[in-house]
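Numbering (the working numbering), first residue to last: 47 to 686.
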């Protein structure tokens, strides 16, 4: 049973370009989804604003009343706002100038960045070419050094052999000299001459060997010089590698600076949205002007609130006065109708009085003339009756005339009341027109405000899209695994081509290996080291995660079950109860064994009793641990 707490290392870890393409597609899809979400949010905001616009229109349609004073106050505030905008035009122009200066700085920094990048690329290519040539020279010098060392060793062996021969010859010369002294004959003289010739030849040979030795020492000096040169070239190679690493670091720093530049550009675009394109304004002046405008706006808002409260009070008073006016108008109309009725009654009563007076006078005349009439004849009676009838007709004509005059007066009064009603309707119509004009003015202001906000949102969206594209480009330049993989593949392909060319040039079998083969193996070794480094980082991260999770697991077991668990390297578990420090249990889950460790007598007896009952009889380890926890808790409480 393998109880290793670490995740097994994968057997093969090969980065596929298809996976990189899929990741890039996923990132592109994610960005498109974010853009769609922002567009949906923008549309939702527009819909909400349109709903508010319709609601305000409904409210404006429902509102009625006289708002002429409010309209005039709003016009005054608008005039004040225009005056403030004219005063702040200078600050806006300053901000526009600062914006243009920032644009010029940005273009200058971009040009400087392009120049630096071109110089870095040129220096990098030159350094790579120089590195390759130096590596080839170093390899050749190493081979020459090895050959010269072998030749020097051979020459040293030859010199040693020649020295041994010279020593032997010296011994022979000594022997011959002794013989010459002992045997001074003619044959000896010939032998001595021969020996002297041989000695001269040997001396010449020795001189030649010494010259060869001097030449070889010169060659050894040259080899030392070449060795020092090779070491210098190696040092230069290491310095060039360090420079290349610094170039990579500078590229990363450059990409970070580009990201910061984009962030600054994004912040500048946030300011730029609220300004015109040709404005050149400094941020400090803009902020100062904004603070001043904000303070003035607060002051105007306070004045506007005060005027609005006064307007509400005046409207309330106007409504009260209007109601009082209407009530007084109604009372006046009622009084006029009552007075008209009274005058009519008075006229009728006066007419009746006049008629009664005339009737009384007429009756008096009749009573006076009655006595005389009694004595008249029939012809006089007929005349008298005719006179009465004529007087009755006159009375009827007068009554009809008075009734006609009365009807004319009533019709004139009705016409006058209808004219008053028409005037009231006209007044109400004018009030409605003024309220509608005010609501129309408010709606036009709201529409212009919404259009300005919509334009600002469109500018923000365009700037965000532009900066997102630039960020993606910089991130691809800074950390792009696909481009790194393509670069490694391109280098491997070039090395393999050179290796193939070198192998084709060498038709015969030799024990030496071409330099291109060594370079290809070195590249493969570097790639494997990079993958091993990445895998080690991943394994280290997994180990840290596993250690954290195992620590959480052990803490959970300690807090819930009451045991501190320790995992040993052999796969065993050590359990320590948090209710007692007098002993521990060692469990082997592979061999299914349980051992006691560092226990006193009381703890040992309790543990043995529970082991006999729960493990040997019932073979239940969880119940044993639970019972042991209860026993230790009771022992601790009794001891306390």
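The beta carbon of each residue, even a glycine, is placed where N, CA and C say it ideally should be.
Handout entry: Alpha-carbon spacing of residue 169 relative to residue 292, whole angstroms
Key = Cα-Cα distance, rounded: 12 Å.
Practice task
Along the alpha helix (DSSP H) that carries residue 670, what are the first and last residues, could you check?
Solution key: Start and end: 667–685.
Practice task
Check whether the Cβ atoms of residue 182 and residue 542 sit closer than 8 Å, and answer yes or no.
Solution key: No, these two residues do not count as a Cβ contact at 8 Å.
Problem - Exposure label - residue 637; buried when at least 16 CB within 10 Å - result: Residue 637 comes out exposed.
Exercise for the section: Identify the continuous beta strand (DSSP E) that holds residue 612 and give its terminal residues. Expected result: Boundaries of the beta strand (DSSP E) around residue 612: 609–613.
Exercise for the section: List the DSSP bridge partners of residue 634. Expected result: 639, per the DSSP bridge assignment.
Practice task
Would you check if there are 3 or more beta carbon pairs closer than 8 Å linking the stretch 615–631 to the stretch 664–678?
Solution key: Inter-segment contact for the stretch 615–631 and the stretch 664–678 is present: three or more beta-carbon pairs are separated by less than 8 Å.
Exercise for the section: Mind checking which residues open and close the beta strand (DSSP E) that includes residue 623? Expected result: Annotation: the continuous beta strand (DSSP E) that includes residue 623 extends over 619–623.
Exercise for the section: Examine the Cβ distances between the stretch 285–302 and the stretch 169–180 and report whether three or more of them are shorter than 8 Å. Expected result: Contact between the stretch 285–302 and the stretch 169–180 is present, because at least three Cβ pairs lie under 8 Å.
Handout entry: Whole-Å CB distance - residue 609 paired with residue 671, under 8 Å assumed
Key = Between residue 609 and residue 671 a beta carbon distance of about 7 Å is seen, short of the 8 Å cut, so the two are scored as contacting.
Practice task
Compute the beta-carbon to beta-carbon distance between residue 683 and residue 649, rounded to the nearest angstrom, for a pair I have assumed lies under 8 Å.
Solution key: With 8 Å as the limit, residue 683 and residue 649 do not qualify as a contact, their Cβ atoms being about 15 Å apart.
Problem - Helix, strand or coil at residue 594 [DSSP, three-state] - result: If DSSP states are grouped into helix, strand and coil, residue 594 belongs with the helices.
Exercise for the section: Could you tell me whether any Cβ in chain B is nearer than 8 Å to the Cβ of residue 338? Expected result: The chain inventory of the structure shown lacks chain B, comprising one protein chain alone.
Practice task
May I have the straight-line CA-CA distance separating residue 363 from residue 490, to the nearest angstrom?
Solution key: Residue 363 and residue 490: Cα-Cα distance of roughly 29 Å.
Practice task
Could you tell me whether the Cβ atoms of residue 632 and residue 618 are closer together than 8 Å?
Solution key: It is a contact, given that the beta carbons lie within the stated cut-off.
Practice task
State the DSSP-derived secondary structure class of residue 312, mapped to helix, strand or coil.
Solution key: Of the three classes helix, strand and coil, the one that applies to residue 312 here is helix, per DSSP.
Practice task
Just mark residue 403 as buried or exposed, buried being the case when its beta carbon has 16 or more other beta carbons within 10 Å.
Solution key: By the C-beta density criterion, residue 403 is exposed, having fewer than 16 other C-beta atoms within 10 angstroms.
Practice task
Go through its chain and collect everything with a Cβ distance to residue 657's Cβ below 8 Å, but skip five positions before and after it.
Solution key: Cβ within range, chain order: 640, 670.
Problem - Other residues of its chain near residue 98: CB distance less than 7 Å, five sequence neighbours each side excluded - result: So no residue of the chain qualifies.
Problem - Own chain, CB closer than 7 Å to residue 95, minus 5 neighbours either side, in chain order - result: Taken in chain order, the residues that qualify are 496.
Handout entry: Within 8 Å, strictly: CB atoms of residue 268 and residue 201
Key = No, the Cβ-Cβ distance between residue 268 and residue 201 is not below 8 Å.
Practice task
Can you give me the Cβ contacts of residue 315 inside the same chain, cut-off strictly under 6 Å, excluding the 5 residues immediately before and after it?
Solution key: Here the set comprises 509.
Exercise for the section: Mind the definition here: the stretch 579–599 touches the stretch 531–548 only if three or more C-beta pairs lie below 8 Å; say whether that holds. Expected result: Contact annotation: the stretch 579–599 does not touch the stretch 531–548, with fewer than three C-beta pairs closer than 8 Å.
Exercise for the section: Determine the DSSP secondary structure at residue 494, reduced to helix, strand or coil. Expected result: In the three-state reduction of the DSSP assignment, residue 494 falls in the helix class.
Handout entry: Within 8 Å, strictly: CB atoms of residue 500 and residue 92
Key = A contact, by the Cβ cut-off of 8 Å.
Practice task
Assign residue 367 to buried or exposed, taking buried as 16 or more other Cβ atoms, counted over all protein chains shown, within 10 Å of its Cβ.
Solution key: Taking all protein chains shown into account, residue 367 has fewer than 16 neighbouring C-beta atoms within 10 Å of its C-beta and is therefore exposed.
Handout entry: Reduced DSSP category for residue 616 - H, G, I as helix; E, B as strand; rest coil
Key = Of the three classes helix, strand and coil, the one that applies to residue 616 here is coil, per DSSP.
Practice task
Classify residue 664 as helix, strand or coil using the three-state DSSP reduction.
Solution key: For residue 664, the secondary structure class from DSSP, reduced to helix, strand or coil, is coil.
Exercise for the section: Give a yes or no on contact between the stretch 243–260 and the stretch 201–210, applying the rule of three or more CB pairs nearer than 8 Å. Expected result: At 8 Å Cβ cutoff, the stretches touch.
Practice task
To the nearest angstrom, report how far apart residue 110 and residue 151 are at their CA atoms.
Solution key: Residue placement at residue 110 is poorly supported in this model, since its pLDDT is 49, which falls under 50; the coordinates still yield a value, given next. Taking the straight line joining both Cα atoms gives about 58 Å.
Practice task
Would you identify the three-state DSSP class for residue 628, choosing helix, strand or coil?
Solution key: Secondary structure of residue 628 (DSSP, three-state): coil.
Practice task
Flag this pair as yes or no: are the beta carbons of residue 282 and residue 180 separated by less than 8 Å?
Solution key: Going by C-beta atoms, residue 282 is nearer than 8 Å to residue 180.
Problem - Between the CA atoms of residue 84 and residue 78 - distance to the nearest angstrom - result: Roughly 10 Å separates the two Cα atoms.
Exercise for the section: Apply the 10 Å Cβ neighbour rule to residue 306 and answer buried if 16 or more other Cβ atoms are within range, or exposed otherwise. Expected result: Exposed: under 16 other Cβ atoms inside 10 Å.
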